[in-house]
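Chemist: One structure coming up, written as C-alpha cells, with questions to follow.
Residue numbers (our numbering), protein chains in the order written: chain A, 1443 to 1527; chain B, 37 to 313.
Dropping the structure here:
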C-alpha cells in the first residue's frame, strides 16, 4: 500500500472534525445557551485554545485539561498502610 | 497478518466473534478478569468466574484454532468491599497453576479511592509471593492521569516489582510517557469513543517507537470493537509503516511479554513455524 502525503491523509478528516465541533457548539448555544461558568465549558474553551498552540503535543495538553489533578502526597492523605512519609 | 489480542473479555462476546477474530488472523487472546456489570456477592461467585475463564473459554477459542490465556483478580470496581476482596485474593492461588493462566490482572484503580489502593497493593503482594506477572487497568477519562500516577507511585516504590513483568494498560497521550520511562510495558486500548483510536495509537507508535508497546481491543459487554487490532494494522499500513514494525507490535511484543509467564505455552500457527525456520 503506497501512502499518500500526510496532509492529503488528514485534511478531509480534520475538516470534518472541525465542522462537528462547530456544529455541536452551535447546538449548545441554540438549545440551552452556553453557561460560561460551567466548568466543562471552560475545559472545552481551554482545549480549543490548545489546538492553536504550535508545539507538537496538543493531544497530551488536551488530555491534561480534562484530567483531575494528581496530588503527590495522596498516600499521606489516605494514611496508606506501610507508607512512611 | 497473524496477531494476538492481549486484552479482550471473551466471556462477554458471542461465538460469532471468535469466528470473526479467527478470520481476521487472530491466533491468540489474553483475557483479564474484570467487572461483570454487577458486583458479585461472594467468593464462590468469583470461583465460578475463574472456572469459566480457565476452563470453558480456552475450549471455545480452540474451536476456532485460537489459543486463550487468562489473568485472575478482583476488579477495581469491586474493591470497595475490602473483606470480600481479601477472601478472593486468598482463593486465587487455587487457579494459578492451571494451563494458560498468565498472572494477576487486571488489577488497578477505578475512582482512585483508598480502598481501591489497598486492594491493589494486596494483589501486588500476592503476585510477589507467587512470582506472577501483573496486568494493570488504569482508570477512565478524567480519573486516568491521577490514577496512573498513583499506580506508578505504588509500583515504583516496591522493590519486589520487576518492571519488565508488568503491563500497564489503557495508556493514552498523557500517561504513556511516564509508564514507558519507568520501564513498564504499556498497552493501548482501541475503543470507539473513550480511550484510544487506531489513528491515535499509530501516532503514539510514531512518537515513542515499538519498544514495550502493545495494542488491544479490550472488547467487552460495552461499546467496543473486537476487531480493533486489525483496524490498527490497516491504519499503520495506510501510513506506509513497514510490515516488520506492525508485526512487532501486534505479534512479537505480546509473545515477548507473555513469554515471561510460566503459564504461557504458545503453539505458533503452522505458517509462523515456517517463518521462524
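Every residue gets a Cβ at the ideal spot worked out from N, C-alpha and C, and that includes glycine.
Quick caveat: nothing in here was measured; it's all calculated off a predicted structure.
Give the DSSP bridge partners of residue 182 (chain B), in chain order.
Modeler: Answer by DSSP bridge pairing: none, since residue 182 (chain B) is not bridged.
Chemist: Where residue 203 (chain B) and residue 1469 (chain A) are concerned, what is the direct C-alpha to C-alpha distance, given to the nearest angstrom?
Modeler: Straight-line Cα distance between these residues: approximately 41 Å.
Chemist: From which residue to which residue does the beta strand (DSSP E) around residue 69 (chain B) run?
Modeler: Here residue 69 (chain B) belongs to no beta strand (DSSP E), and DSSP marks it neither H nor E.
Chemist: Taking the continuous beta strand (DSSP E) assigned at residue 225 (chain B), which residues delimit it?
Modeler: Note, residue 225 (chain B): beta strand (DSSP E), 221 to 225.
Chemist: Are the CB atoms of residue 236 (chain B) and residue 1501 (chain A) within a distance shorter than 8 Å?
Modeler: Result yes, Cβ atoms of residue 1501 (chain A) and residue 236 (chain B) sit closer than 8 Å.
Chemist: On the CB-based measure, 16 or more other CB atoms within 10 Å of its CB, does residue 43 (chain B) come out buried or exposed?
Modeler: The residue is buried, with at least 16 neighbouring Cβ atoms inside 10 Å.
Chemist: How long is the line joining the alpha carbons of residue 290 (chain B) and residue 145 (chain B), rounded to whole angstroms?
Modeler: C-alpha separation (whole angstroms): 23 Å.
Chemist: Please report the residue range of the beta strand (DSSP E) in which residue 105 (chain B) lies.
Modeler: Taken as a continuous stretch (DSSP letters only), the beta strand (DSSP E) holding residue 105 (chain B) covers 103 to 108.
Chemist: Rounding to the nearest angstrom, what Cα-Cα distance links residue 1478 (chain A) and residue 226 (chain B) in this structure?
Modeler: Roughly 33 Å separates the two Cα atoms.
Chemist: Could you check which residue in B:189, B:108, B:154, B:297 has the C-alpha nearest to that of residue 1521 (chain A)?
Modeler: Residue 1521 (chain A) has its Cα closest to that of B:154, out of B:189, B:108, B:154, B:297.
Chemist: Assuming residue 1509 (chain A) contacts residue 182 (chain B) under a Cβ cut-off of 8 Å, what Cβ separation, rounded to an integer in Å, is found between them?
Modeler: Rounded, the Cβ-Cβ distance is 7 Å, consistent with contact.
Chemist: Let me check understanding here. Comparing Cα to Cα, which of B:221, B:259, B:109, B:90 lies closest to residue 135 (chain B)?
Modeler: Residue 135 (chain B) has its Cα closest to that of B:90, out of B:221, B:259, B:109, B:90.
Chemist: Closer than 7 Å by beta-carbon distance: list the chain A residues that pair up with residue 186 (chain B), in chain order.
Modeler: Residues of chain A passing the Cβ test: 1516.
Chemist: How is residue 65 (chain B) classed by DSSP in three states: helix, strand or coil?
Modeler: The answer is strand: DSSP assigns residue 65 (chain B) an E or B state.
Chemist: Strictly below 8 Å CB to CB, what residues from chain A border residue 276 (chain B)?
Modeler: Residues of chain A passing the Cβ test: 1443, 1444, 1445.
Chemist: Any idea which residues DSSP pairs residue 1485 (chain A) with across the strands?
Modeler: Paired residues: none, contrary to the question.
Chemist: Between residue 1510 (chain A) and chain B, is any beta-carbon pair separated by less than 8 Å?
Modeler: Cβ-Cβ to chain B under 8 Å: yes for residue 1510 (chain A).
Chemist: Could you work out which residue in B:74, B:163, B:150 is closest to residue 322 (chain B) when comparing CA atoms only?
Modeler: There is no way to answer for residue 322 (chain B), as the model of chain B reaches only from 37 to 313.
Chemist: DSSP three-state label for residue 269 (chain B), please.
Modeler: Three-state DSSP puts residue 269 (chain B) in a helix.
Chemist: Just to confirm my understanding: we take residue 35 (chain B), look at its own chain, exclude 5 residues before and 5 after, and list those with CB closer than 8 Å. What are they?
Modeler: In the structure displayed, chain B extends from 37 to 313; residue 35 (chain B) sits before or after that span and is not available.
Chemist: Where in the stretch 83 to 150 of chain B do unbroken runs of the beta strand (DSSP E), each at least 3 residues long, occur, reported from the N-terminal end onward?
Modeler: Whole beta strand (DSSP E) segments, 3+ residues: 103 to 108, 137 to 144.
Chemist: Got a sec: is the Cβ-Cβ distance from residue 180 (chain B) to anything in chain A below 8 Å?
Modeler: True, the Cβ-Cβ gap to chain A drops below 8 Å.
Chemist: Roughly how many whole angstroms lie between the Cα atoms of residue 27 (chain B) and residue 64 (chain B)?
Modeler: Nothing about residue 27 (chain B) can be read from this structure; chain B reaches only from 37 to 313.
Chemist: Ignore the nearest five residues each way along the sequence and tell me which others in residue 180 (chain B)'s own chain have a CB closer than 8 Å to its CB.
Modeler: Answer for residue 180 (chain B): 174, 206, 208, 210, 211, listed in chain order.
Chemist: Please determine if the stretch 258 to 275 of chain B and the stretch 52 to 69 of chain B are in contact, where contact requires at least 3 C-beta pairs separated by less than 8 Å.
Modeler: Yes, they touch.
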